[in-house]
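Protein chains in written order, with the working numbering: chain A, 116 to 506; chain B, 1029 to 1626. Heads up: the structure comes next, in structure tokens.
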Amino acid sequence: MSGKTKALLAAIMLGLLIAGCTTPSAPKPGSFDSFRPLVPYSVDSSQGTWATFPMGQLGNKFNTFWQLFHRQPGTSRWSNQVKATATATNGGLLLASNQTELAVAIRPSVDLTFTPIIFTVNGGSTWSNGLLDSPIARSPAAFALGPDNSGLALVENGLGNYVVESPPGLKAWVIIATRKSLDAVKGACSVDQIVGVNFLISTPLIETTCKGSNGLGVYTVDNSHPQEIETIRSFRPAIRHLQLLGSESTASATEILLQATQTRHLELLVETVQVDGSGGTPVVSTVQISLGNRSQVSSLSWNSQGDMLVLANSKSTGQLGLEYFPTRRAWSTQATPSFSASSLVLGNDGSIWEFETSGKTLQIAQHLPGATGWTSPTSTRVALQYGSSNF
Amino acid sequence: MSSGLKSNSPIIISAFHQALFYQFLLVLLLGSIGLAFWVQSRSRVLRLEIPSVPAKSEPLARRVIRLGFGLLWILDGFLQMQSSMPLGFTSQVVKPVASNSPAWISTFMGFFEGVWNYHPVTSATAIVWIQIGLGLWLIVSGDTKWSRYGGLTAFVWGLFVWGAGEGFGQLGSPGQSWLFGLPGAALFYSLAGILLFMPSSGWTGERLQRYLKRGLGGLFIAMSLLQGWPGRGFWQGGTPKTRSLGSLALMIHQMSQTPQPDFLSSLLRHIFAFDLAHGWMVNLVATLGLLMVGLLMFVNQGPLVKVGILLGITLCSVTWVLVQDLGFLGGTGTDPNSMVPQIIFLAALGLTGARWISPTQLVQDTEELPEIAHRQTGPAYRLRVAASIGACGVILIGVIPGAYGATHTSADSILTQALNGAPQPQVSPLPKFSLVNQNGQEVSNSSLIGKVVALTFLDDVCVSTCPLIAQEFKRADSLIGSISKKVVLVAINSNPRFISTNYLQAFDRQEGLSSLVNWEFLTGTSYGQLALVWRHLGALVELLPGGSMVDHSEIAYIVGPKGNVRYLVNTDPGQATGALNSSFSGELAGLLKEVART
Chain A
116 MSGKTKALLA AIMLGLLIAG CTTPSAPKPG SFDSFRPLVP YSVDSSQGTW ATFPMGQLGN
176 KFNTFWQLFH RQPGTSRWSN QVKATATATN GGLLLASNQT ELAVAIRPSV DLTFTPIIFT
236 VNGGSTWSNG LLDSPIARSP AAFALGPDNS GLALVENGLG NYVVESPPGL KAWVIIATRK
296 SLDAVKGACS VDQIVGVNFL ISTPLIETTC KGSNGLGVYT VDNSHPQEIE TIRSFRPAIR
356 HLQLLGSEST ASATEILLQA TQTRHLELLV ETVQVDGSGG TPVVSTVQIS LGNRSQVSSL
416 SWNSQGDMLV LANSKSTGQL GLEYFPTRRA WSTQATPSFS ASSLVLGNDG SIWEFETSGK
476 TLQIAQHLPG ATGWTSPTST RVALQYGSSN F
Chain B
1029 MSSGLKSNSP IIISAFHQAL FYQFLLVLLL GSIGLAFWVQ SRSRVLRLEI PSVPAKSEPL
1089 ARRVIRLGFG LLWILDGFLQ MQSSMPLGFT SQVVKPVASN SPAWISTFMG FFEGVWNYHP
1149 VTSATAIVWI QIGLGLWLIV SGDTKWSRYG GLTAFVWGLF VWGAGEGFGQ LGSPGQSWLF
1209 GLPGAALFYS LAGILLFMPS SGWTGERLQR YLKRGLGGLF IAMSLLQGWP GRGFWQGGTP
1269 KTRSLGSLAL MIHQMSQTPQ PDFLSSLLRH IFAFDLAHGW MVNLVATLGL LMVGLLMFVN
1329 QGPLVKVGIL LGITLCSVTW VLVQDLGFLG GTGTDPNSMV PQIIFLAALG LTGARWISPT
1389 QLVQDTEELP EIAHRQTGPA YRLRVAASIG ACGVILIGVI PGAYGATHTS ADSILTQALN
1449 GAPQPQVSPL PKFSLVNQNG QEVSNSSLIG KVVALTFLDD VCVSTCPLIA QEFKRADSLI
1509 GSISKKVVLV AINSNPRFIS TNYLQAFDRQ EGLSSLVNWE FLTGTSYGQL ALVWRHLGAL
1569 VELLPGGSMV DHSEIAYIVG PKGNVRYLVN TDPGQATGAL NSSFSGELAG LLKEVART
């Protein structure tokens, strides 16, 4: 081969090489996230109804601000209490309540790495401060209040996730369970992640995902000794993905809401954990409902009786309010929102509010018990400060 | 919080022009010394009455490359004088290239980008003088030995520019093309340098011509393959309404948007419209044109090679005007892009067939030794040597401060002053206050007497600016060395809700301040006490609606040992780049040192 031919071949190879290198590659498949993004959430207590939901530019995390709305019992007027957080709420707010207290954990964002906590016992007239000196997890079930106002939190940091407990005041947190300590429980499932916490009456309750299966491990912790209640494996094998949407406690039981995904099909499962009549081992029961293909849960609301209202978006049925009644252990379809709602909020008296957010504008409409339709929506403008959380 | 530094910051531009002016005076001084040296040496040579001997001519191809690239380096040096260079060069030139390059190239460029961002004025002036000096060196050195050293320097500097500034011509990056500048203008500058470094024997015979032909031919064929490669967006024109533009149309469109004379932008708009409608045909012409030029370089017939050279020069010229838009328009263009260097190479290739030595030299061949002796002592030779040394001096005017800046890890304080203004001198006493620190111990204005104090306001649950300001204070403490013993860094909590000491401790742990012995994060035992201190110290604190952070004054007081406020400093971290943070730390450290000394 002559020098000239060699040079020609080299030029061709170089061209092919550069062309090959510079052809844009296909996008990588999305990575799995064990925690579901926070959804609008509301709780109802003797102090009234509390609702948190994001507003602003929802595609830009620096310009997304979670709000904290409150309604006094027996009234239909909502007031924004987010100023009480006294810091940026871009990371989201986690609500925990019992009959006497409402606590708010402000999820850290940007350069903040610990978790400010505020709580009120008088419907937001005055607030006190707790402090969790670690980042609280993104799980919607990462924060809970016990009947004695003690707190439970799921922490997510570089060391993995673990569960901490604090006496009332929510300032003196101690670790009560880690993934490792739960994994060491004999006979229990091999723990993948701790995904949620709550109280079963006054005992800490912990939920985990299990490695190698789509099971859910449910544990109680007594004096830092975890015990497994049950590994729920009753889900269909075809279910590819299980996520915890939230959990709430009532005086006698704890409800855990799960979302099970099978390809594009979605099911909701309510796991009710309660102590049996003899006061012995807690038992778990499951009620499920199918939401169909391409569905998703947009908001979650609980009242103090343990009734749960889910706003589901489905391509086939549109927006739907689904309510779960623990006394009847059944789901039923409630009012269809009158406009494209961002969240539905359930009151103790059975009334339902729909919230629609668009940028800085909020619309609220009410559906009274027994009524056939919604009230005319009222519109409010929230003074969001875009650009205040980044550079 | 301000939006940050803009490339047209008047403070930076003024400092840049001032530095260039002083360095220009230095260049004039060097020039005068060089001229004096030459006049003196010339008269001494004339007194020796050495007979005049015709000088040996430099090969024409070499001369074309030397003068061509010498002029290009000078042009590039002048382009580096544009006002937007200090703050715009990295953001508008380097960063877009780095972000479009593979990770290792991006990391490599990031190092030099960092140096530039930390010392923008020094770096910008350094490049000006290095490139002007290099260009002068190539032009004035003729065919002396110094010319070869100039070539070597051009090779090294060109390679550096190719890597650090052009990301190795963005080889391996998607969407690149010969039309856009692949394989990078500086690569040609560098190759020209290595050719000039070649001994004179290398310019005789046919070997150089052969290598040049194959090299250029290979390049054109490779670029033709790349241009014609399907799926890279060059075969489509586009529809502007749907914002779906082919790669070439997009490039021309972007070029037409840069500031430039009307006739050029009008011309580009026409070409853009033509490419939109006939994108496929335009790419076919470009691909075949490149292939044709490349293949003609591989034939052995001189006339065909000449056709190839002419075609190549035409293709380069058209691309330079119609696609690359002359390469340097728009405010941060640093060179005329890759076409002019290729035209010089093609022209040099065309001239490699010309006579290598002048007719007079043919006569003098038998008298080689005396001629060389004369050349090395003759006035012209001495002038070239003196001028080359002067050009080296010009380069050093850029290199020395540039190297000094590169070895200093703290950014220039002019950056923070451009953002926040200069520190304001004060003469008032520090207002009275009494608060508790993060450990619950009382700290008051009187307990700080005897120490130099940097006092600021920080929100203990702030998500963005306060952690940065705290880090800047921490870094300033590390910069002042042993003076740290005389200094106390004080922050007063500016959150009206989270005022307990456990929040201060959490903030300290988050920022790694717990072990800093002269760090005092102060708070009140009640909101009322804290609010009073804010008022006395002139700090505004406001709870914002809608889920925002607390808004508070971003200021710091520098207080002398006698309790007098000496300076008021704006602590706004702006866009909080590493350079700005470092710059503020440097400024703060400088003020603390100054106050501690006086």
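From the three backbone atoms N, C-alpha and C, an ideal C-beta is built for every residue, glycine too.
Asked	Found
Pick out whichever of A:Leu209, A:Thr228, A:His380, A:Gly275 has its Cα sitting closest to the Cα of A:Asn313.	A:Leu209
Counting only beta-carbon atoms, is B:Asn1530 nearer than 9 Å to chain A?	yes
Using 9 Å as the limit for Cβ to Cβ distance, is B:Met1577 near chain A?	yes
Taking A:Thr472 as the reference, which of A:Phe454, A:Thr448, A:Thr396 has the closest Cα?	A:Phe454
Can you name the residues that DSSP bridges to A:Tyr334?	A:Ile321, A:Glu343
Quick one: what does DSSP say A:Ser458 is sitting in, helix, strand or coil?	strand
Please report whether the beta-carbon of A:Ala498 lies at a distance below 9 Å from any beta-carbon of chain B.	yes
Hey, would you say A:Val333 sits closer than 9 Å to A:Ala292, going by beta carbons?	no
Less than 9 Å between the beta carbons of B:Val1310 and B:Leu1276, yes or no?	yes
Does the beta carbon of A:Pro282 come closer than 9 Å to any beta carbon on chain B?	no
Between the beta-carbon of B:Leu1095 and the beta-carbon of B:Leu1164, is there less than 9 Å?	no
Do you know offhand how far B:His1571's Cα is from B:Arg1563's?	The sequence given here has Leu at residue 1571 of chain B, not His. The alpha-carbon atoms of B:Leu1571 and B:Arg1563 are separated by roughly 15 Å.
Pick from B:Phe1052, B:Thr1153, B:Ser1169: whose alpha carbon is nearest that of B:Ala1408?	B:Ser1169
Excluding the five sequence neighbours on either side, which residues of its own chain have a C-beta within less than 7 Å of the C-beta of A:Pro223, listed in chain order?	Gly206, Phe229, Thr230, Pro250
Which complete beta strand (DSSP E) runs does the stretch 1468-1529 of chain B hold, if anything under 3 residues is left out?	1470-1472, 1480-1486, 1515-1521
Give the residues of chain A in contact with B:Pro1524, contact being defined as C-beta atoms less than 9 Å apart.	Ala201
Taking the alpha helix (DSSP H) that B:Glu1548 belongs to, which residues open and close that run?	No alpha helix (DSSP H) holds B:Glu1548; the beta strand (DSSP E) holding it covers 1547-1550.
Any idea what DSSP makes of B:Asp1290, helix, strand or coil?	helix
Counting only C-beta atoms, is A:Pro231 closer than 9 Å to chain B at any point?	yes
Suppose contacts are defined by Cβ-Cβ distances below 9 Å. Is A:Leu372 in contact with A:Glu386 by that definition?	yes
Could you check whether the Cβ of A:Val225 sits closer than 9 Å to any Cβ belonging to chain B?	yes
Can you confirm whether A:Lys176, when its beta carbon is compared against all beta carbons of chain B, has any partner nearer than 9 Å?	no
When the Cα of B:Gly1259 is compared with those of B:Ile1155, B:Gly1203, B:Ala1214, which residue comes out closest?	B:Gly1203
How far does the alpha helix (DSSP H) with B:Gly1340 in it reach, from first residue to last?	1330-1350
So, is the C-beta of B:Cys1344 closer than 9 Å to a C-beta in chain A?	no
Would you say B:Gln1237 faces chain A, with C-beta separation under 9 Å as the test?	no
Does chain B have any CB closer than 9 Å to the CB of A:Asn195?	yes
Alpha carbon to alpha carbon, how far is B:Gly1138 from B:Ser1151? Give it in angstroms, no decimals.	15 Å
Could you check if A:His482 is buried or exposed, using at least 16 other CB atoms within 10 Å of its CB as the buried criterion?	buried
Would you call B:Trp1132 buried or exposed, if buried means 16 or more other Cβ atoms sit within 10 Å of its Cβ?	exposed
Determine whether the beta carbon atoms of B:Phe1262 and B:Ser1201 lie at a separation below 9 Å.	no
Any idea if A:Lys295 is buried or exposed, counting beta-carbon neighbours within 10 angstroms, 16 or more meaning buried?	exposed
Which value, in whole angstroms, describes the spacing of the CA atoms of A:Ile404 and A:Ser447?	10 Å
Here's a check: name, in chain order, each residue in its chain whose Cβ is nearer than 6 Å to the Cβ of A:Ala259, leaving out the five neighbours to either side.	Ala211, Leu267, Val312, Asn313, Phe314
Give the single residue among B:Ile1155, B:Ile1442, B:Val1092, B:Gln1352 whose Cα lies nearest to the Cα of B:Gly1426.	B:Ile1155
Taking a Cβ distance cut-off of 9 Å, strictly less, list which residues of the stretch 1550-1581 of chain B are near chain A, in chain order.	Leu1571, Leu1572, Pro1573, Gly1574, Gly1575, Ser1576, Met1577, Val1578, Asp1579
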